[in-house]
Amino acid sequence: MSELAHVLLKSLQGKFDEVSVLVEERSSLMVKLWNTEPSIVQSWLQTSIRLRLAKSGRLWILSYESKDPIYIVKNAEEILKLASRVEESELHAPLPEPGRCSPLTGAFDPSVESAMNDPSRLVEEMTSAALSQGAERVAGTLTLTKTSTTLVNTRGFECNEAKTSVEAYARAFRGEFSGHWAHGSTRLDIVAIREVGRRAGYCATITSKKADISPGEYNVVISPLVAGNLFNYLAFMASALRVLMGFSVFAKYKLGERIGSEVVSLHDRPRDTTLPGARGFDDEGVETFDKPIIEKGLIRSILHNNATALKSQLKSTGNAGWVYPRPWNLEISEGELREEEIPSVIRNGVIITNNWYTRLQNYYEGYFSTVSRDAALLVRNGEIEGHVGKVRIATSFPRLLSSIVGASRSRHDVSWWEVRVPTRAPFLLVENTPLTKPEA
Amino acid sequence: MEARFQDDYGYEVVLRNNKLTSIDTFRRRGVGIRVLVDGSLGFAATNSLSIEDLYKALESAYTRAKATSRLRKSPIEFSEERPGRVKYRVAEKRPLQDFKVEDAVNTLSEIYRAVEGEIREARLVSVVKTLTLHMQEKLIVTSDGGYVESYTPRLFIGVNSTLLYQDRSLQRSIEFGASGGAELIDEWSPGVKAREELRNLERVLVKGVAPPSEKVDFVLGSEVVGLVVHESSGHPMEADRILGREAAQAGESYVKPDMIGRFRVGNEHATVVEDPTIPGSYGFYLYDDECVRARPRYLYREGLLYEPLHNRHTARLFGVSSNGAARTMNYASEPIIRMSNTYLTPGDYEFEELIEDIDFGLFVKSYMEWNIDDARWNQRYVGLESYIIRKGELAEPVLNPALEFTTSWFYSNIVAKDRNLEFYPGTCGKGEPSQGVPVWFGGPNVRLGKLRVGVLR
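Residue numbers (the numbering used here), protein chains in the order written: chain Z, 712 to 1151; chain B, 36 to 492.
Below you can see the structure in the form of structure tokens.
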């Protein structure tokens, strides 16, 4: 248990109506790869401290990356002078009854910590697997992290849990073509890291032909990386505060209403200790629990902290965020398709293996576009015909979700630059999806 | 070796309509150490400032760089530079450190008062306003004699609005950002600008027509032009991207090393400048985070790929001197090549002259959705405040025109530029872990050739 958290709580309780102290101690290592060799090895030894201070309905959030308790207490005390001069926050609600402290077990893998001092072998395994597929060069990162999180508050909650995480992603190149894969876990699994390289290499080398398509509607298969990215945006919009602000596609729906096809289920899985976002308690001391956000196409939960829940006359869903409720880990339901059968099932269409730069025109309506990167493959008569280059999925979330007609049986645990909330995702088959690209 | 003490502090206040949502005070203070060992680059950061922990960080940077050096085929080397030894501060008439939280709440409340009641036919569902004060102090020392101490205060205001009318809706983010003091708020008049813009957007929402289906001449407003040059001249001219260092994250570039000074991407109007030294700018600095003096650079000059952005590593590989583009987000970030303030140079027309001989065309003034592929070639912008141009004048508003073009199409199809150079703030993301740094992007209003416009589906 962090001594610092207790020192801060003791120094500030009595001065404010409520005090919460969240301390995260983090040690991590990242090897960044460039042209099949490390461009830099980065290490961090950090303590981050967050305080939630409430006084007479006024609410302050203080974030520090500094280990100096005297400075932090002094700074917090200055806030007191402001209390009467600032209006009450619309998001102030009393801290909830403290939940049970039941820290997750199984999210800490000691082998992650021991690999930090020399990750060379892991890096070599990943790059060798990509090169063995015929790739010419590999970029990517391997990140190993150890985190200890402590929460104490004046309602009497105190809990600490430790976890590790491994994030590996690789982008392999052969000529003008590339492939990408990613993996995220709390555990070190050399087979999974090798698989990142192998799949990246496979996608880069699956064909050396080019194919052309015109803008239009296509049956599209999106990979777990693409599904992970798009469902991250969806889960971000499932935060109750985003809904309140109108910056959410969920703002125009009620719980229980349909937003997608029967095939679509999305869960928040904080209790899954294999995924790196696992957390046993939220920032308000509520015990976390797994929950559906969308179940068989119907909206089942908006993610709440205590303040947003009270506004909606609901209970917290254990997703605090003192200001913004947020998801922990995401899981998209599997289906019946076998990965190797995807080209024959889609018959005619496009397989998009990776994407980036998803942006929305309108969060309320859910209009967005996202650009393919790496292998985007034209399938004709069940055979891969060639790379179509960079194309854009340009549609709306309700339309996309309603057009999902199938999912693969296998799922992959992905986490990378474009998938920040770790996501277990299958390949998804989406019918009649608008694809665009410039005419000029 | 280089050591950088960096202290980023300030606060952010958010109001939803007239209600205070949150006050978030932040301080990120620590030391980042970078070492070059046996041709391998190591970086370590800590926010524990005890001598013991600083040594521990140094040891991590050193031992881990050394441990992975055997994986390098060729050693990393830095260009020889004459590093700066200076101290500088951004001047403030009204220091941000004296601007209190209640002043911020009042400023945001005034913006809401300026816009509430002004929207008559549509419904103003929410106006979420953010004010961020960000003070940045740095002290950088390098083993080859660099010593740069700086203080940069920055102010940002964002206004995010949602308008509803019947079954239509529209959302807009209006942003103000610069370095300097609280006097910036008077210069910006954020309430007045938000009111004017929301009134115009209400017209677009209520009366907007579908975009024309045929190819039309179009004029792009300076806000969109600024974003286009940031995305399609700034990013592809970052030398680390050109060499593939960001390949697995923000991507590579259509530009290859042998194209510099040879390849023509646009016509004589296509001149793009990158300049960190613009006083008061959001991306302002005088020395970069490798202690190299900053200066303006031409990225594209009259259509020619002219000078990439360099740090000391890429400068060495290109056989040139660094042009001072290494920046960091905070103490925990390695210095990487970043833009600062990027703009298309203005022309000498008035706006009215740009459109006076267009019989039927489109003017896109602002945007919400945009993206570009990871080689920085195929790009899309969806207009927000947009108008049909009819017989040389702005006519009825247009809803959500989607523009897609390539980099060469844009720079080769500039017909004319007006003289109104405007800048817009942004937070540019790059690197792993992702680093967001403040930038300006800008340009004049630009008349382009004919293009087919898409619709949202």
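Think of the CB as a built atom: it goes at the ideal place given N, C-alpha and C, for glycine as much as any other residue. None of these values were measured; they are calculated from a predicted model.
field: 8 Å Cβ cutoff met for VAL954 of chain Z and ILE1053 of chain Z
entry: By one-based count along the first sequence, residue 954 of chain Z stands at place 243. By one-based count along the first sequence, residue 1053 of chain Z stands at place 342. Cβ atoms of VAL954 of chain Z and ILE1053 of chain Z: not closer than 8 Å.
message: Going by the DSSP bridge assignment, what does ASP983 of chain Z pair with across the sheet?
response: Residue mapping note: residue 983 of chain Z aligns to position 272 of the first sequence, counting from 1. None; ASP983 of chain Z has no bridge partner.
- prompt: For the candidate residues Z:VAL937, Z:LEU1112 and Z:LYS921, whose alpha-carbon lies nearest to that of ILE1010 of chain Z?
  reply: The residue given as residue 1010 of chain Z occupies position 299 in the first sequence. Cα-wise, what sits closest to ILE1010 of chain Z is Z:LEU1112.
task: Mind listing the chain B neighbours of PRO935 of chain Z? Cutoff is C-beta to C-beta under 7 Å, in chain order.
output: Counting from one through the first sequence, the residue named residue 935 of chain Z turns up at place 224. Those do not exist, as PRO935 of chain Z stays about 17 Å from chain B at its closest Cβ, beyond 7 Å.
- prompt: Looking at the structure shown, is TYR446 of chain B part of a helix, part of a strand, or coil, going by DSSP?
  reply: On the second sequence, residue 446 of chain B is found 411 positions in, with the first residue counted as 1. In the structure shown, TYR446 of chain B sits in a helix (DSSP, three-state: H, G or I).
field: Interfacial residues, the region 143-164 of chain B to chain Z, with Cβ spacing under 7 Å
entry: VAL160, SER161 and VAL163
query: Quick one: does ASP252 of chain B have its CB under 8 Å from some CB of chain Z?
result: For the purposes of this step, residue 252 of chain B is taken as the residue at position 217 of the second sequence. False, the Cβ-Cβ gap to chain Z never drops below 8 Å.
task: Report the partner residues of ASN413 of chain B according to the DSSP bridge assignment.
output: Translated into the one-based positions of the second sequence, residue 413 of chain B becomes position 378. Looking at the DSSP assignment, ASN413 of chain B forms a beta bridge with B:THR441.
field: alpha helix (DSSP H) segment containing ARG832 of chain Z, residue limits
entry: Indexing the first sequence from 1 puts residue 832 of chain Z at position 121. Segment 831-842, the alpha helix (DSSP H) holding ARG832 of chain Z.
message: By the three-class DSSP mapping on this structure, what secondary structure does GLY1077 of chain Z have?
response: Taking the first residue of the first sequence as 1, we reach residue 1077 of chain Z at position 366. Looking at GLY1077 of chain Z - three-state DSSP - the assignment turns out to be coil, as it is neither helix nor strand.
field: Residues that ASP138 of chain B contacts on chain Z, provided the C-beta gap is smaller than 8 Å
entry: One-based indexing of the second sequence puts residue 138 of chain B at position 103. Those do not exist, as ASP138 of chain B stays about 10 Å from chain Z at its closest Cβ, beyond 8 Å.
message: Is the separation between the beta-carbon of PRO343 of chain B and that of LEU397 of chain B shorter than 8 Å?
response: Numbered from its first residue, the second sequence carries residue 343 of chain B at position 308. Numbered from its first residue, the second sequence carries residue 397 of chain B at position 362. For PRO343 of chain B and LEU397 of chain B, no; Cβs fall outside 8 Å.
- prompt: What does ASP59 of chain B pair with, by DSSP beta-bridge criteria?
  reply: As a first step, residue 59 of chain B is located in the second sequence; it is residue number 24 there, counting from the start. Answer by DSSP bridge pairing, in chain order: Z:ILE772 and B:GLU47.
query: Which partner residues does PHE78 of chain B have in the DSSP bridge list?
result: Counting from 1 along the second sequence, the entry for residue 78 of chain B is found at position 43. Beta-bridge pairing links PHE78 of chain B to Z:GLN753 and B:ARG69.
message: Tell me whether the region 1120-1137 of chain Z and the region 921-930 of chain Z touch, counting them as touching only if at least three CB pairs, one residue from each stretch, are closer than 8 Å.
response: no
query: Quick one, are the C-beta atoms of VAL160 of chain B and THR197 of chain B less than 8 Å apart?
result: Locating residue 160 of chain B in the second sequence gives position 125, counting from the first residue. Locating residue 197 of chain B in the second sequence gives position 162, counting from the first residue. Yes.
task: Measure the alpha-carbon distance for TRP1041 of chain Z versus VAL488 of chain B and round it to whole angstroms.
output: Here residue 1041 of chain Z corresponds to residue number 330 of the first sequence, with the count starting at 1. Here residue 488 of chain B corresponds to residue number 453 of the second sequence, with the count starting at 1. It should be pointed out that residue 1041 of chain Z corresponds to Leu in this sequence rather than to Trp. Their Cα atoms are separated by approximately 37 Å.
Of the residues Z:VAL742, Z:VAL975, Z:LYS1002 and Z:ASP779, the one placed nearest SER759 of chain Z, counting alpha carbons only: Position 48 of the first sequence holds residue 759 of chain Z. When each option's Cα is compared against that of SER759 of chain Z, the closest is Z:ASP779.
task: Evaluate LEU340 of chain B with the Cβ neighbour count: other Cβ atoms within 10 Å of its Cβ, from every protein chain shown; 16 or more gives buried, anything less gives exposed.
output: Start at 1 with the first residue of the second sequence, and residue 340 of chain B comes out as number 305. Label assigned to LEU340 of chain B: buried.
- prompt: Under a Cβ-count criterion, where at least 16 other Cβ atoms within 10 Å of its own Cβ denotes burial, should ILE1013 of chain Z be classed as buried or exposed?
  reply: Sequence index remark: in the first sequence, residue 1013 of chain Z carries index 302 (1-based). Counting Cβ neighbours within 10 Å, ILE1013 of chain Z comes out buried, since at least 16 surround it.
DSSP three-state assignment for CYS326 of chain B, whether helix, strand or coil: As a working mapping, residue 326 of chain B is identified with position 291 in the second sequence. Correct three-state label for CYS326 of chain B: coil.
message: For chain B, check one thing: does any of its Cβ atoms lie closer than 8 Å to the Cβ of GLU1076 of chain Z?
response: Locating residue 1076 of chain Z in the first sequence gives position 365, where the first residue counts as 1. Yes, because at least one Cβ of chain B sits closer than 8 Å to the Cβ of GLU1076 of chain Z.
message: Is there a Cβ of chain B sitting closer than 8 Å to that of LYS965 of chain Z, yes or no?
response: On the first sequence, residue 965 of chain Z is found 254 positions in, with the first residue counted as 1. Answer no: the Cβ-Cβ gap between LYS965 of chain Z and chain B never drops below 8 Å.
8 Å Cβ cutoff, ILE407 of chain B in contact with chain Z: Residue mapping note: residue 407 of chain B aligns to position 372 of the second sequence, counting from 1. Yes, because at least one Cβ of chain Z sits closer than 8 Å to the Cβ of ILE407 of chain B.
- request: Have a look at PRO926 of chain Z and LEU945 of chain Z and give me their C-alpha separation to the nearest angstrom.
  value: Taking the first sequence and counting its residues from 1, one reaches residue 926 of chain Z at position 215. Taking the first sequence and counting its residues from 1, one reaches residue 945 of chain Z at position 234. Cα to Cα, the separation comes out at about 25 Å.
message: I believe GLY1093 of chain Z touches ARG1058 of chain Z by the beta-carbon criterion, under 8 Å. Please report the beta-carbon distance rounded to the nearest angstrom.
response: Along the first sequence, read from residue 1 onward, the residue named residue 1093 of chain Z stands at position 382. Along the first sequence, read from residue 1 onward, the residue named residue 1058 of chain Z stands at position 347. So it is a contact: roughly 5 Å between Cβ atoms.
task: Check the Cβ-Cβ distances between SER185 of chain B and every residue of chain Z, and say whether any is below 8 Å.
output: Taking the second sequence and counting its residues from 1, one reaches residue 185 of chain B at position 150. Judged by the 8 Å Cβ criterion, SER185 of chain B is not in contact with chain Z.
field: TYR44 of chain B versus GLU887 of chain Z: straight-line alpha-carbon distance, rounded
entry: By 1-based counting over the second sequence, the position of residue 44 of chain B is 9. By 1-based counting over the first sequence, the position of residue 887 of chain Z is 176. Approximately 44 Å between the Cα atoms of the pair.
- prompt: Less than 8 Å separating the beta-carbons of TRP771 of chain Z and ILE783 of chain Z?
  reply: The sequence position of residue 771 of chain Z within the first sequence is 60, counting from 1. The sequence position of residue 783 of chain Z within the first sequence is 72, counting from 1. No, they are not a contact pair.
- prompt: Since SER831 of chain Z and THR856 of chain Z are thought to touch, with beta carbons under 8 Å apart, how far apart are those beta carbons, to the nearest angstrom?
  reply: Here residue 831 of chain Z corresponds to residue number 120 of the first sequence, with the count starting at 1. Here residue 856 of chain Z corresponds to residue number 145 of the first sequence, with the count starting at 1. Incorrect: roughly 18 Å between the Cβ atoms, too far for contact.
field: Three CB pairs or more closer than 8 Å across the region 805-822 of chain Z and the region 834-849 of chain Z
entry: no
- prompt: Any idea if GLN201 of chain B is buried or exposed, counting beta-carbon neighbours within 10 angstroms, 16 or more meaning buried?
  reply: By one-based count along the second sequence, residue 201 of chain B stands at place 166. By the neighbour-count rule (16 or more Cβ atoms within 10 Å), GLN201 of chain B is not buried but exposed.
Span of the beta strand (DSSP E), counted from its first residue to its last, around PRO1003 of chain Z: Reading the first sequence from its first residue, position 292 is the one you call residue 1003 of chain Z. 1002-1006 is the extent of the beta strand (DSSP E) around PRO1003 of chain Z.
message: Measuring straight from C-alpha to C-alpha, what distance separates GLU287 of chain B and THR916 of chain Z?
response: Here residue 287 of chain B is taken as the residue at index 252 of the second sequence, counted from 1. Here residue 916 of chain Z is taken as the residue at index 205 of the first sequence, counted from 1. One C-alpha to the other measures close to 19 Å.
- prompt: Closest Cβ-Cβ distance between LEU76 of chain B and chain Z: below 8 Å?
  reply: Your numbering for residue 76 of chain B matches position 41 in the second sequence. Yes, contact with chain Z.
task: Assign THR442 of chain B to buried or exposed, taking buried as 16 or more other Cβ atoms, counted over all protein chains shown, within 10 Å of its Cβ.
output: Along the second sequence, one-based indexing puts residue 442 of chain B at 407. The residue in question, THR442 of chain B, is buried, as its Cβ has 16 or more Cβ neighbours within 10 Å.
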